[in-house]
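Here is the structure:
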């Protein structure tokens with residue numbers, strides 16, 4: 000199953016980018032054996048619009064244009080649900096087993112995601128109630144994608 004991370008904003012060179020790359024590489028290696036990935040990354044520029052609503056609209060349009068319409072959207076949103084790692088892995092496995100073409104994890108800009116994009120999402124996921132910068136969200140997502148692949152593969156990385 001195809002796995003895409005689509006994010007507004009670009010990670011600069013440094014520890015966050017290296018950590019994301021390391022986890023996504025591992026996710027791809029383990030995921031191959033369980034028909035997940037490898038993970039593709041799409042980075043989009045932030046909107047230069049003045050008003051937050053206009054920025055969210057512009058960024059949602061860019062995200063939508065960059066994504067294959069066959070992909071199920073997982074919106075990373077602070078108002079979403081916070082599943083445990085096993086539930087997250089099980090959901091990905093269920094989508095894969097149900098024949099989904101793929102999933103796209105969508106990370107908005109500083110203002111979040113537009114309401115119409117959130118409404119199209121198959122799932123809204125939050126990494127807790129706190130607000131996180133997009134660089135940290137990418138690290139958390141990359142690690143959870145790796146963890147999900149290991150859970151589905153029966154690999155000992157996840158020790159619950």
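In the working numbering, the protein residues as written are 0 to 159.
All C-beta atoms in this analysis are idealised placements derived from N, C-alpha and C, irrespective of residue type, glycine included.
Beta-carbon spacing of residue i, residue j below 9 Å
i	j	result
residue 87	residue 124	yes
residue 0	residue 112	no
residue 54	residue 45	yes
Backbone CA spacing between residue i and residue j [nearest angstrom]
i	j	result
residue 17	residue 51	30 Å
residue 147	residue 21	15 Å
residue 120	residue 93	16 Å
residue 173	residue 75	Because the chain here runs from 0 to 159, residue 173 falls outside it and cannot be looked at.
residue 78	residue 128	8 Å
residue 12	residue 133	15 Å
residue 31	residue 37	7 Å
residue 115	residue 106	14 Å
residue 104	residue 72	6 Å
residue 67	residue 35	17 Å
residue 49	residue 110	12 Å
Supposed contact pair residue j and residue i - C-beta distance, whole angstroms, cut 8 Å
i	j	result
residue 145	residue 29	7 Å
residue 101	residue 70	5 Å
residue 15	residue 95	Not really, about 28 Å apart at Cβ, beyond 8 Å.
residue 5	residue 62	6 Å
DSSP state of residue i mapped onto helix, strand, coil
i	result
residue 33	coil
residue 127	coil
residue 67	coil
residue 148	helix
Burial state of residue i, where buried means 16 or more other Cβ atoms lie within 10 Å
i	result
residue 58	buried
residue 156	exposed
residue 26	buried
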